[in-house]
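Engineer:
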Amino acid sequence: MPSPDSAERLTPVAVARLRGETLTELPADLYIPPDALEVCLEDFEGPLDLLLYLIRRQNLDILDIPIAEVTRQYLGYIEMMRQMRLELAAEYLLMAAWLAEIKSRMLLPRPPVVEGEGEEDPRQRLVERLLEYEKLARAAETLDALPRAGRDVHEALAEPPPLDKARPLPEVSLDELVSALREALSRAALVEHHHIQREALSVRARMSEILARLADCPQGCAFQGLLEPGQGRRGVVVSFLAVLELLKAELVRAVQDRAFDPIHLHAVTGGA
Amino acid sequence: MSTPEGIDNILEAVLLAAGEPVSIERLLEVFADEGIDRATLRDALARLQERYSGRGIELYESAGGWRIRVRAAMAPWVARLWPSSPPRYSRAVLETLALIAWRQPITRSEIEAVRGVSVNAQIVRTLQERGWIHVVGHKEAPGRPALYATTRRFLDDFGLRRLEDLPSWTPPEA
Amino acid sequence: MSTPEGIDNILEAVLLAAGEPVSIERLLEVFADEGIDRATLRDALARLQERYSGRGIELYESAGGWRIRVRAAMAPWVARLWPSSPPRYSRAVLETLALIAWRQPITRSEIEAVRGVSVNAQIVRTLQERGWIHVVGHKEAPGRPALYATTRRFLDDFGLRRLEDLPSWTPPEA
Chain C
310 MPSPDSAERL TPVAVARLRG ETLTELPADL YIPPDALEVC LEDFEGPLDL LLYLIRRQNL
370 DILDIPIAEV TRQYLGYIEM MRQMRLELAA EYLLMAAWLA EIKSRMLLPR PPVVEGEGEE
430 DPRQRLVERL LEYEKLARAA ETLDALPRAG RDVHEALAEP PPLDKARPLP EVSLDELVSA
490 LREALSRAAL VEHHHIQREA LSVRARMSEI LARLADCPQG CAFQGLLEPG QGRRGVVVSF
550 LAVLELLKAE LVRAVQDRAF DPIHLHAVTG GA
Chain E
801 MSTPEGIDNI LEAVLLAAGE PVSIERLLEV FADEGIDRAT LRDALARLQE RYSGRGIELY
861 ESAGGWRIRV RAAMAPWVAR LWPSSPPRYS RAVLETLALI AWRQPITRSE IEAVRGVSVN
921 AQIVRTLQER GWIHVVGHKE APGRPALYAT TRRFLDDFGL RRLEDLPSWT PPEA
Chain S
801 MSTPEGIDNI LEAVLLAAGE PVSIERLLEV FADEGIDRAT LRDALARLQE RYSGRGIELY
861 ESAGGWRIRV RAAMAPWVAR LWPSSPPRYS RAVLETLALI AWRQPITRSE IEAVRGVSVN
921 AQIVRTLQER GWIHVVGHKE APGRPALYAT TRRFLDDFGL RRLEDLPSWT PPEA
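Residue numbers (the numbering used here), protein chains in the order written: chain C, 310 to 581; chain E, 801 to 974; chain S, 801 to 974.
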């Protein structure tokens with residue numbers, strides 16, 4: 310384990326911070342360009358991106374990569390990411406293994422090459438992938454630089470004249486709506502693992518109604534008035550639950566001047 | 801760009817990009833760096849109005865502000881643009897509407913959390929313009945995000961008497 | 801209304817009301833009663849283009865057809881109309897889109913092979929929802945993976961008439 314002292318030596322400027330955590334331990338022999346710590350390690354788009362960064366950073370020749378040196382630095386970064394407990398995608402480890410393999414193959418004595426069918430340089434495939442990735446990164450930048458609708462250029466739009474035959478509006482059936490909901494929720498369940506409980510719709514519906522009513526009366530509404538007896542017992546309970554939910558979500562405020570006075574509800578207004 | 805013609809051209813571009821009425825105050829903000837006052841702006845609007853005389857478009861002021869519109873006389877030609885079969889809403893619009901219907905009142909970021917993608921302003925506007933959703937309040941949270949709910953009109957259009965009549969959905973992974 | 805100027809004015813009004821690219825065929829429909837042919841229409845489009853020279857708007861042809869749009873030079877003023885800035889896309893999204901654009905049709909695992917990392921489902925969905933990519937088929941391979949390609953909307957939004965207009969996939973200069 311490198312000591313904090315070695316980190317000091319490498320980066321006398323300051324300690325790097327990442328996700329609020331102070332970075333004090335760095336692999337002692339890791340080459341760190343002066344401004345490298347500004348590069349948030351999480352920002353790399355994968356192992357190819359990181360490798361390219363290491364190579365370009367030091368003006369190394371991509372066609373003749375000093376594989377031992379680059380491997381050492383790559384592993385150094387991986388180690389650093391580990392120490393910062395960054396979640397390491399499997400691809401990074403796969404690349405580490407690949408680099409190690411290339412390195413060991415480079416160390417093996419090469420058999421004499423027969424003219425015409427040259428033994429492939431073990432780095433060949435890696436170089437190809439790096440060049441291809443670099444082209445891609447370039448292309449992505451080019452694409453981003455194109456004038457884009459909504460960002461650089463805008464559709465010119467005038468209000469259409471009143472048309473005799475109204476422009477037909479899309480029709481939606483209830484079935485379509487239900488399937489859209491199911492799809493959205495099943496995806497959420499898949500992606501987030503978060504538990505989607507089925508809340509009583511009636512309570513949520515009443516929450517909307519109460520909010521809409523409160524929006525109409527800036528002076529606030531009497532709590533009693535919201536619990537219309539005409540709703541029946543179940544209705545009153547639903548309204549009551551809706552008010553509690555709204556209070557919990559801090560969407561409404563309840564005001565009571567003195568004990569036993571009527572309670573008033575106010576919408577928590579946009580500007581206030 | 802601060803020649804009168806330069807101002808007119810920016811004004812025209814901005815009004816056409818807005819696609820909605822733009823108030824004088826908003827226009828003054830657009831020209832904040834040029835230090836243009838109300839009177840200069842009014843002059844420019846008048847010149848633009850003049851520019852469109854005899855054309856198929858016109859500049860007019862409504863309650864919401866200034867807007868460029870196509871003259872009523874152009875209606876026969878414009879009408880031929882639109883297909884007679886109704887267009888369809890995108891998946892994104894339908895899912896957003898469904899989430900608002902079943903989980904109202906709900907904020908945009910709550911919808912985004914479930915859908916896993918950002919809900920762009922256009923989607924919300926489409927549903928608002930259709931009269932199916934409205935803002936019923938603002939949440940006590942940074943940015944005070946709007947809370948959306950469905951409208952009376954939504955119930956009418958879907959043949960529902962009240963929200964409780966929405967069909968129940970079976971939870972996924974059932 | 802069949803004077804050249806009358807035609808130009810109708811054309812302008814129709815394109816501004818459309819707010820989306822309009823193909824030549826659709827424009828010919830608009831002028832069906834006037835019995836205007838393709839050549840006359842092309843002349844009118846050229847005159848309209850001329851009318852907008854030096855202005856903040858321009859007449860432009862992209863994949864979907866002709867449209868009037870606000871010039872990029874006007875973006876700083878237009879941006880002041882709206883408080884929120886348009887979405888910026890991450891490198892992951894842009895790289896995925898670039899591969900689909902240049903190498904279409906392409907599967908997700910082919911994208912992953914070039915990028916060296918897995919492409920998460922959200923990236924693909926973001927691009928689909930933006931209307932920039934769609935599934936055009938399935939590859940005859942285990943699992944029958946979806947093949948992605950760019951849409952006409954992609955071309956329109958990036959101001960391209962066809963895919964060949966994309967800048968070449970050039971090797972980085974040494």
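For each residue, glycine too, the CB sits at the ideal point set by N, CA and C.
1. Taking C:Leu486 and E:Ala901 to be in contact with their CB atoms under 8 Å, please state how far apart those CB atoms are, rounded to whole angstroms.
2. Name the one or two DSSP bridge partners that S:Glu858 has.
3. CB of E:Leu894 to nearest heavy atom of the ligand GDP: below 6 Å?
4. Go ahead and pull the three-state DSSP assignment for E:Thr951.
5. Would you say S:Val814 lies against chain E (beta-carbon separation less than 7 Å)?
6. Decide if E:His934 is buried, meaning its Cβ has at least 16 other Cβ atoms within 10 Å, or exposed.
7. What does a CB cutoff of less than 6 Å around S:Asp808 pick up in its chain, not counting 5 residues either side in sequence?
8. What are the residues of the stretch 928-961 of chain E that lie near chain S, defined by any Cβ-Cβ distance shorter than 7 Å?
9. What do you get for E:Arg771, buried or exposed, if any count of 16 or more other CB atoms within 10 angstroms of its CB means buried?
10. Under a CB-based cut-off of 7 Å, is C:Leu574 close to chain E?
11. Starting from the Cα of S:Val936, find the closest Cα among S:Thr951, S:Glu825, S:Thr926 and give me that residue.
12. Please check if any C-beta of chain E sits within less than 7 Å of the C-beta of C:Ser511.
13. When you check each C-beta in the stretch 437-461 of chain C against every C-beta of chain S, which residues fall closer than 8 Å?
14. S:Ala797 and C:Ala467: beta carbons closer than 7 Å?
15. Taking a contact to mean a Cβ-Cβ separation below 7 Å, would you say E:Val870 touches C:Pro471 in this structure?
16. What does E:Ile857 reach in chain C if we use C-beta pairs closer than 8 Å?
17. When the Cα atoms are used, what is the spatial distance from C:Glu518 to E:Ile836?
18. Find out if the Cβ-Cβ distance for the pair C:Ala448, S:Ala832 is shorter than 7 Å.
19. Are the C-beta of E:Gly865 and some C-beta of chain S separated by less than 7 Å?
20. Verify the CB distance criterion: does E:Gly916 have a CB-CB separation below 7 Å to chain S?
21. Can you name the start and end residues of the alpha helix (DSSP H) that C:Val561 belongs to?
22. Fully enclosed by the stretch 857-943 of chain S, which beta strand (DSSP E) runs are 3 residues long or longer?
23. Excluding the 5 residues preceding and the 5 following E:Pro905 in the sequence, name in chain order all residues of the same chain whose CB lies nearer than 7 Å to its CB.
24. Are C:Leu357 and S:Gly916 closer than 7 Å when you measure CB to CB?
25. Buried or exposed for C:Ser413, going by 16 or more other Cβ atoms inside 10 Å?
26. Tell me which residues share the same chain as C:Pro571 and place their Cβ nearer than 8 Å to its Cβ, disregarding the 5 neighbours each side in the sequence.
27. Using the beta-carbon of each residue, which ones in chain C are nearer than 8 Å to E:Ile868?
28. In whole angstroms, what is the alpha-carbon distance linking C:Thr333 and S:Pro967?
29. Under 7 Å, Cβ to Cβ, is there at least one residue of chain C near S:Glu895?
30. Alpha carbons only, please: which of E:Ser909, E:Thr926, E:Ile810 is nearest the one belonging to E:Pro945?
31. Say whether chain C places a C-beta atom closer than 7 Å to the C-beta of S:Gly854.
32. Going along chain E, which residues have a C-beta under 7 Å from C:Glu559?
33. Under 7 Å between the Cβ atoms of C:Met404 and C:Leu397?
34. Looking only at DSSP bridge pairs, what is S:Val822 linked to?
35. Any Cβ of chain E within less than 7 Å of the Cβ of C:Val577?
36. List the whole-angstrom C-beta distance separating C:Val547 from C:Ser495, where the pair is believed to meet the contact cut-off of C-beta under 8 Å.
Structural biologist: Quick answer:
1. 7 Å
2. S:Arg869
3. In the structure on display, the ligand GDP does not appear, and there are no ligands present to speak of.
4. coil
5. By the rule that beta-carbons nearer than 7 Å mark a contact, S:Val814 touches chain E.
6. buried
7. Ala844, Arg847, Leu848
8. none
9. This structure cannot speak to residue 771 of chain E, because chain E is shown only from 801 to 974.
10. no
11. Per the Cα distances, S:Thr951.
12. yes
13. Within the stretch 437-461 of chain C, the residues whose Cβ lies closer than 8 Å to some Cβ of chain S are Arg438, Leu440, Glu441, Tyr442, Glu443, Lys444, Leu445, Ala446, Arg447, Ala448, Ala449, Glu450, Thr451, Leu452, Asp453, Leu455, Pro456, Arg457, Ala458, Gly459, Arg460, Asp461, listed in chain order.
14. No information on residue 797 of chain S is available, as it lies outside the stretch 801 to 974 that chain S covers here.
15. Between E:Val870 and C:Pro471, the C-beta spacing is not below 7 Å.
16. Ala467
17. Cα atoms of C:Glu518 and E:Ile836: separation of roughly 45 Å, rounded to the nearest angstrom.
18. no
19. no
20. By this cut-off, E:Gly916 is an interface position.
21. Looking at the DSSP string, C:Val561 is not in any alpha helix (DSSP H); the run it does join, the beta strand (DSSP E), is 561-564.
22. 857-862, 865-870, 933-938
23. Val936, Gly937, Leu947, Tyr948, Ala949
24. Yes, Cβ-Cβ distance for C:Leu357 and S:Gly916 is below 7 Å.
25. exposed
26. Ala531, Phe532, Gln533, Gln565
27. Near E:Ile868 (Cβ distances below 8 Å), the residues of chain C are Ala467, Glu468.
28. Here the model assigns C:Thr333 a pLDDT of 49, short of 50, so the residue's position is not dependable, and the following value carries that caveat. Rounded to whole angstroms, C:Thr333 to S:Pro967 spans 45 Å at the Cα level.
29. For S:Glu895, at least one C-beta of chain C is nearer than 7 Å to its own C-beta.
30. E:Ser909
31. no
32. Glu940
33. no
34. S:Trp866
35. yes
36. Wrong, their Cβ atoms sit about 28 Å apart, outside the cutoff.
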